[in-house]
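*Asks:* Numbered per UniProt numbering, the sequence shown finishes at 487, counting up by one with no gaps.
Before anything else, here's the structure in question.
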Amino acid sequence: MLKESNNFIKNKKVLLMGLGTLGGGLATAKWLLKHGAILTITDLRDSSKLKNTLDNLKKIKKPIKYVLGEHKKEDFLQNDIIVVNPGVSFRNKFLILAKKHGKQIENELTLFYKICPARTLGVTGTRGKTTTVHWLRHFLQAKHPKATLAGNFTKHPLLEMVDKYKGNAPIVLELPSFLLEFLSFVKISPDVAVITNIYKDHLNRYRGIKDYAETKANIFRYQNKDQTLILNENNNWTKFFKEKKPKSKILFFSLTPFSDNQNGIYIDKNLSIYVKKGKNEKLFYDAQIFIERWGRHNLENLLASTLAASSFGVPLPKIIKKIESLPQVPFRQEVVFKNRKLEIINDTTATSPDASIAAVQRFRRKNAKLILITGGTDADLDYKGWAVEIKKTLPEKDVVFIEGSATDKMLKELNFKNPRVYKMLDVCFFQAMKSIGKGDKRNIILFSPGAKSFEKFKHEFDRGEQFNALVKKVKSALGESKARWVK
């Protein structure tokens, strides 16, 4: 049963601000039309740049007014409801105008929470949130087989989930800061909120990292004492969140043992994972086998997802059993090809230097040659630390760059004499292939951009699919693989 009828949309004049090309705007437009909205769509891009999305909307055969290539003040004053695409900041001048005139402003997350009665577990953070939500859903299914995902996925749109929802299964939400910006309008937070970590990101959208963290805090800002907040004890911004004095119960995950007054899950120097509640500590799991398969950097994702599932009532023995079958998350350090001599990794969602560093640290091996494909679009990020790691790990000849504004910053920090920079991803890939050693030593090609994608691709997933297509073209020559897309 829905919390609130969808009828508040019916016959209302609704302005969808931002159609986009990622699929989220398309899903929102379809949902609004399905529920009877008198729809106007406005986007700063013109019809040529939105062609695929517009062609999809034509198939619905319902009237839509389009205002493309610009935003008009009158559209924000004459419509009853403004629905905002995640690409639009809550500080946009047209939204400020609409709010001043008492207009109802929504995004897909606020609409979801107004209508859907499901209990939710929300995950946000700079790194690790996608892996954490997939693993959290995996653990929840030990007790709730129909637990599902929604949020920052083109395949799992939030509003589509509202219409399909039946029963009482929990929904796991991946919540980027763009979606969290508008939660103050509905004053709702998830039943279990997880913040994986905070690092510098999206600084081209926010006034600074504190402003970015403030937006992330919306995930727990409206929780009550019966709900749960899970924080990363090892992250510098956890103190910032604790100082906000959350009303919910706080649990911690940590890569080092806790102080006496903390509850949650931690790992000790012997790689033993313990669950702590008050004075009671219980050995949960030996992490050595996990690290060999998933890498040390994924320990935090394991701890966070375990703690969230446990706080939601999944027994620890069931979680332990499910660790053996954890799913590989597409485009996150994903092994897309592997044979005796060569391994190819697609890490297209590494859109920050920190994420790229994590991938390099995971896949560098004493008995293997690592070849890195990197670079892309800048988002006002610092590449000094990234450059130190790259120079420490890789010789200049084993780093291949795709050109872009972030690449320019990378090269400035690296100060390579003869950098290998190419305009197109296909050239980068085949240059990396040429770098494969001829001896018996294993080779690893790691595609980990450490940057955004918008100068050359629709988005990072488009970039990842294009990389997979390149690998697929040569797979027959490379030999058999267990890659997810190999037929």
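Positions of the beta carbon are idealized from the N, C-alpha and C atoms, including for glycine.
A quick note: this is a predicted structure, and the numbers were derived from the prediction, not measured.
Report buried or exposed for D55, applying the criterion of at least 16 other Cβ atoms within 10 angstroms of its Cβ.
*Replies:* As a first step, residue 55 must be located in the sequence shown, where it is residue number 55. Answer is exposed; the Cβ neighbour count stays below 16.
*Asks:* Just to confirm before moving on: does the CB-CB distance between E300 and L255 stay below 8 Å?
*Replies:* In the sequence shown, residue 300 corresponds to position 300, counting from 1. In the sequence shown, residue 255 corresponds to position 255, counting from 1. Yes, these two residues count as a Cβ contact at 8 Å.
*Asks:* Measuring CA to CA, which of E70, T131, Y274 and K423 is closest to Q328?
*Replies:* In the sequence shown, counting from the first residue as 1, residue 328 sits at position 328. The shortest C-alpha separation from Q328 is found at T131.
*Asks:* Along the beta strand (DSSP E) that carries M17, what are the first and last residues, could you check?
*Replies:* Indexing the sequence shown from 1 puts residue 17 at position 17. Unbroken beta strand (DSSP E) run through M17: K13 to M17.
*Asks:* Please report the distance separating the alpha-carbon of residue 488 from that of T126.
*Replies:* Because the chain in this structure spans residues 1 to 487, residue 488 falls outside the shown range and cannot be described.
*Asks:* At which residues does the beta strand (DSSP E) containing I291 begin and terminate?
*Replies:* In the sequence shown, counting from the first residue as 1, residue 291 sits at position 291. Where I291 is concerned, there is no enclosing beta strand (DSSP E), although the alpha helix (DSSP H) it sits in stretches over Q288 to W294.
*Asks:* Exposed or buried, which one is L15 when buried takes at least 16 other CB atoms within 10 Å?
*Replies:* The residue given as residue 15 occupies position 15 in the sequence shown. Result: buried.
*Asks:* Using the Cα positions of G404 and I81, report the straight-line distance between them to the nearest angstrom.
*Replies:* By 1-based counting over the sequence shown, the position of residue 404 is 404. By 1-based counting over the sequence shown, the position of residue 81 is 81. For G404 and I81, the distance between alpha carbons rounds to 38 Å.
*Asks:* Name, in chain order, the residues that DSSP records as bridge partners for G264.
*Replies:* Here the question's residue 264 lines up with position 264 in the sequence shown. Paired residues: F252 and K276.
*Asks:* Does DSSP put K282 in a helix, in a strand, or in coil?
*Replies:* For this step, residue 282 is matched to residue 282 along the sequence shown. K282 falls in the strand class under three-state DSSP.
*Asks:* Would you kindly report the start and end of the unbroken alpha helix (DSSP H) that includes N298?
*Replies:* On the sequence shown, residue 298 is found 298 positions in, with the first residue counted as 1. Neither: N298 is in no alpha helix (DSSP H) and is coded neither H nor E.
*Asks:* Give the DSSP bridge partners of K338, in chain order.
*Replies:* In the sequence shown, the residue the question calls residue 338 occupies position 338. For K338, which the question treats as bridged, DSSP gives the partners E343.
*Asks:* Check whether the region 16-26 touches the region 44-60, taking contact to mean three or more Cβ pairs, one atom from each stretch, closer than 8 Å.
*Replies:* yes
*Asks:* Identify, in the order they occur along the chain, each residue of the same chain with its Cβ nearer than 7 Å to the Cβ of F447, setting aside the five sequence neighbours on each side.
*Replies:* Taking the first residue of the sequence shown as position 1, residue 447 is located at position 447. Closer than 7 Å at the Cβ level, and outside the excluded window around F447, lie I345, N346, D347, T348, I373 and F467.
*Asks:* Excluding the 5 residues flanking E369 on each side, which residues of the same chain have their C-beta closer than 6 Å to its C-beta?
*Replies:* Taking the first residue of the sequence shown as 1, we reach residue 369 at position 369. Reading off the sequence, residue 369 comes out as Lys, not Glu. Cβ within range, chain order: G437, K441 and N443.
*Asks:* If you draw a straight line from the C-alpha of W485 to the C-alpha of K72, how long is it?
*Replies:* Counting from 1 along the sequence shown, the entry for residue 485 is found at position 485. Counting from 1 along the sequence shown, the entry for residue 72 is found at position 72. Unreliable positioning characterises W485 in this predicted model, as indicated by a pLDDT of 42, which lies under 50. A coordinate reading is not provided.
*Asks:* Is I250 near the ligand FAD, going by C-beta to nearest heavy atom under 7 Å?
*Replies:* In terms of ligand content, the structure shown is empty, and the ligand FAD therefore cannot be addressed.
*Asks:* Would you say the region 87-99 touches the region 150-168, given that touching needs at least three Cβ pairs under 8 Å?
*Replies:* no
*Asks:* So is A358 buried or exposed if we call it buried at 16+ other beta carbons inside 10 Å?
*Replies:* Here residue 358 corresponds to residue number 358 of the sequence shown, with the count starting at 1. That one is buried.
*Asks:* Using a Cβ-Cβ cutoff of less than 6 Å, which residues in the same chain neighbour K129 once the five nearest sequence positions on both sides are dropped?
*Replies:* In the sequence shown, counting from the first residue as 1, residue 129 sits at position 129. Excluding sequence neighbours, K129 sits near V123, E174 and T196.
*Asks:* Between which two residues does the beta strand (DSSP E) holding F401 run?
*Replies:* What you label residue 401 is simply residue 401 of the sequence shown in a count that begins at 1. In the DSSP annotation of this structure, the continuous segment of the beta strand (DSSP E) that includes F401 starts and ends at V399 to I402.
*Asks:* In the DSSP assignment, the beta strand (DSSP E) including D43 goes from what residue to what residue?
*Replies:* Working through the sequence shown from its first residue, we reach residue 43 at position 43. Counting along the chain, the beta strand (DSSP E) containing D43 begins and ends at I38 to D43.
*Asks:* Unbroken alpha helix (DSSP H) runs of length 4 or more, entirely within the region 402-426: which are they?
*Replies:* 405-414
*Asks:* Just verifying my parser: in three-state terms, what is the DSSP assignment at E108?
*Replies:* By one-based count along the sequence shown, residue 108 stands at place 108. E108: helix per DSSP, three-state reduction.
*Asks:* If we ignore side chains and look at the alpha-carbon of each, how far apart do S311 and M433 end up?
*Replies:* For the purposes of this step, residue 311 is taken as residue 311 along the sequence shown, with counting starting at 1. For the purposes of this step, residue 433 is taken as residue 433 along the sequence shown, with counting starting at 1. Distance between the alpha carbons of S311 and M433: 46 Å.
*Asks:* To which residues of the same chain is L68 closer than 6 Å at the C-beta, ignoring the five residues directly before and after it?
*Replies:* If you number the sequence shown from 1, residue 68 lands on position 68. Leaving aside the five residues that flank L68 on each side, the residues in its chain whose CB is nearer than 6 Å to its CB run, in chain order, D43, D46 and S47.
*Asks:* Thinking C-beta only, is V192 closer than 8 Å to T228?
*Replies:* As a first step, residue 228 is located in the sequence shown; it is residue number 228 there, counting from the start. As a first step, residue 192 is located in the sequence shown; it is residue number 192 there, counting from the start. Yes.
*Asks:* Would you report the Cα separation of E279 and N261, rounded to the nearest angstrom?
*Replies:* Mapped onto the sequence shown, residue 279 falls at position 279. Mapped onto the sequence shown, residue 261 falls at position 261. It should be noted that the sequence gives Lys, not Glu, for residue 279. Taking the straight line from one Cα to the other gives about 9 Å.
*Asks:* Which value, in whole angstroms, describes the spacing of the CA atoms of K12 and L95?
*Replies:* Within the sequence shown, the letter at position 12 stands for residue 12. Within the sequence shown, the letter at position 95 stands for residue 95. Straight-line spacing of the CA atoms in K12 and L95 works out to 18 Å.
*Asks:* Where does N270 land, buried or exposed, given buried means 16+ other C-beta within 10 angstroms?
*Replies:* Counted from its first residue, the sequence shown places residue 270 at position 270. With fewer than 16 other Cβ atoms within 10 Å, it is exposed.
*Asks:* Output the residue ranges of the alpha helix (DSSP H) runs that lie fully inside the region 160-224 and measure 4 residues or longer, sorted by chain position.
*Replies:* List check, alpha helix (DSSP H) in window: 177-180, 209-216 and 218-221.
*Asks:* Bridge partners for L370 per DSSP, in chain order?
*Replies:* For this step, residue 370 is matched to residue 370 along the sequence shown. According to DSSP, L370 bridges with I444.
*Asks:* Does DSSP classify K452 as helix, strand or coil?
*Replies:* Within the sequence shown, numbered from 1, the residue matching residue 452 stands at position 452. Strand, per DSSP.
*Asks:* Helix, strand or coil for I81, going by three-state DSSP, please let me know.
*Replies:* Within the sequence shown, the letter at position 81 stands for residue 81. Strand at I81.
*Asks:* What does the Cβ neighbour count give for I60, buried or exposed, with the cut at 16 atoms within 10 Å?
*Replies:* For the purposes of this step, residue 60 is taken as residue 60 along the sequence shown, with counting starting at 1. Looking at its Cβ environment, which holds fewer than 16 other Cβ atoms inside 10 Å, I60 is exposed.
*Asks:* Using C-beta distances below 8 Å, list every residue in its chain close to G365, excluding the 5 sequence neighbours before and after it, in chain order.
*Replies:* Within the sequence shown, residue 365 is the residue found at index 365, counting from 1. Just to set this straight, residue 365 is Arg in the shown sequence, not Gly. Excluding residues within five positions, the ones whose Cβ falls inside 8 Å are R442 and I444.
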